[in-house]
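Scroll down for the structure; my scribbles are underneath it.
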Amino acid sequence: MPTLEDLITSEIIANGPMRLDTYMERALLHPEFGYYQKQIPFGSKGDFVTSPEISQMFGELIGLWCVDTWAKLGAPSKFAFVEMGPGRGILMQDALRSAKLVPEFLEAAEIHLVEASDQLIKVQQERLKDHPIQWHSAFPDIPDGMPVICIGNEFLDALPIRQFQLVDGGWQEKKVTVTDDGLTFVTPPSDEADLADQLPSISECSDGDIAEISTPAREFISFLAKKIKSNRGAALFIDYGPAENALGDSFQAVQRHEYSNPLENPGGKDLTAHVHFSPLREVALSAGCAAPAIEGQGRFLERLGIEARVMQLSKNATEKQHKDIVAAHKRLVSEQEMGTLFKAFSFSSGLAAPAAGFGDAE
Ligand code: SAH
């Protein structure tokens with residue numbers, strides 16, 4: 001039985017060094033051996049824990065953000081409510097529960113979930129079985145003619161990246177090759193002409209610097225921003241990465257809550273890269289959408305009222321539950337934990353007032 005490493009090795013022997021985006025795609029989404037196809041990676045027993053898994057408060061507040069955004073769109077009687085990469089479906093479950101406060105929102109929502117993993121679709125179907133939902137394996141085929149509200153947590157960081165390193169004053173693409181020691185990186189001279197406008201200006205960089213580009217992330221944001229511009233609506237993505245353009249290698253593997261070698265045991269561990277928000281925001285702006293400054297997750301959740309929710313939940317809680325709520329609150333908002341590394345990124349068109357949670361909405 002060949003492993004995914006064997007398959008990648010044969011591909012490299014046949015075709016030469018493999019681009020990092022191809023490697024990431026194979027490792028995460030290969031139909032048989034891909035990481036997201038094989039296992040349920042989340043939760044304390046899995047490889048990593050995401051915000052909706054930490055506390056119900058996260059999804060509930062995002063649900064209220066969606067209701068508020070829908071009201072700012074003029075409470076349309078039908079709209080596409082889309083989530084990208086819903087994992088175990090907890091964010092959507094919590095969001096739909098808090099949105100019950102406004103039944104007209106739920107009646108108007110046509111729910112679309114976009115999920116590449118068949119395994120996770122099954123988990124989502126089970127958890128969300130009380131709601132009518134359409135699933136898609138790639139960009140949603142949302143009918144035109146209705147507004148769109150699209151959310152995603154830790155979705156953009158799973159989209160494949162390419163890396164370029166400045167060597168002797170020119171960009172060279174970092175690729176994966178095979179040696180006697182297994183899979184390793186190489187940086188052969190590359191033809192990056194197609195990406196020249198996306199790479200930082202060489203005069204502002206030094207030899208050895210690494211620049212990262214995610215073409216699928218740009219294409220997805222461009223597709224969605226155009227959809228939102230022509231149909232009205234808003235998008236909200238929460239993920240981790242720098243607000244401003246940054247150089248450096250952020251390609252990483254996490255297994256059982258520990259960092260490990262991303263080229264070892266492909267398919268056996270989660271691979272991600274930091275999301276570079278400012279180029280994505282530029283893509284949304286150039287499609288004609290409004291986009292507030294990128295905000296830290298902590299301040300975003302505070303503006304949405306996480307403290308009031310902590311107090312409300314604590315009222316009927318046992319001592320142990322109260323401790324857990326306080327710990328989850330701290331984990332989501334504190335600067336030392338997820339409060340500033342994680343960011344909220346939003347763009348919209350046709351809102352009567354700025355989206356909640358961002359600086360210029362105050
Ligand atoms: N939003 C969830 C899960 C985050 S993990 C949470 O916060 O817990 C990333 C999710 O995106 C997984 O559900 C994964 O299967 C999905 N995914 C990764 N690449 C994808 C792609 N190209 N298209 C659709 N879904 C994808």
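The numbering used here numbers the first residue of the sequence shown as 1 and each following residue consecutively. Backbone N, C-alpha and C define an ideal beta-carbon position, used for all residues, glycine too.
Within this structure, are the beta carbons of residue i and residue j separated by less than 8 angstroms?
i, j, result
"L285", "W65", "no"
"C150", "M84", "yes"
"I366", "V178", "There is no way to answer for residue 366, as the model of the chain reaches only from 1 to 362."
"F33", "G267", "yes"
"F81", "A109", "yes"
"V283", "K227", "no"
"P17", "V167", "no"
"I40", "R88", "yes"
"D68", "R256", "no"
Nearest CA to the CA of residue i: which residue from the options?
i, options, result
"F237", "L91, D207 and R19", "L91"
"L271", "Q125, L20, A293 and L7", "L20"
"D207", "E107, Q172, P31 and P216", "Q172"
"L341", "A95, A243, S278 and K129", "A243"
"S278", "Y240, D118, L73 and Y259", "Y240"
"F105", "W135, S222 and A71", "A71"
"N231", "L61, G63, P76 and Q37", "P76"
"S346", "Y259, T3, K320 and A235", "A235"
"L247", "E219, L199, G298 and D324", "L199"
"P188", "D197, F164 and D209", "F164"
Report whether the distance from the Cβ of residue i to the nearest heavy atom of the ligand SAH is below 7 angstroms.
i, result
"E104", "no"
"T50", "yes"
"A273", "no"
"G87", "yes"
"L91", "yes"
"L29", "yes"
"N153", "yes"
"A158", "yes"
"L116", "Contrary to the premise, residue 116 reads as Ala rather than Leu in this sequence. A116 Cβ: within cutoff of the ligand SAH."
Report buried or exposed for residue i, applying the criterion of at least 16 other Cβ atoms within 10 angstroms of its Cβ.
i, result
"E362", "Only weak support exists for where E362 lies, its pLDDT of 45 falling under 50; the value from the coordinates is given anyway. By the 10 Å Cβ count, E362 comes out exposed."
"K269", "buried"
"L224", "buried"
"M1", "exposed"
"Q124", "buried"
"V326", "exposed"
"S348", "buried"
When you measure from the CB of residue i to every non-hydrogen atom of the ligand PLP, does any distance come out below 7 angstroms?
i, result
"K229", "Questions concerning the ligand PLP fall outside what the structure shown contains, since the ligands it does hold are the ligand SAH."
- Message: Suppose only complete runs of 3+ residues qualify. What are the beta strand (DSSP E) ranges in the region 291-323, listed by chain order?
- Response: none
- Item | Whole alpha helix (DSSP H) elements within the region 33-114, 4-residue minimum | Whole alpha helix (DSSP H) segments, 4+ residues: 35-38, 51-54, 56-72, 90-99 and 103-108.
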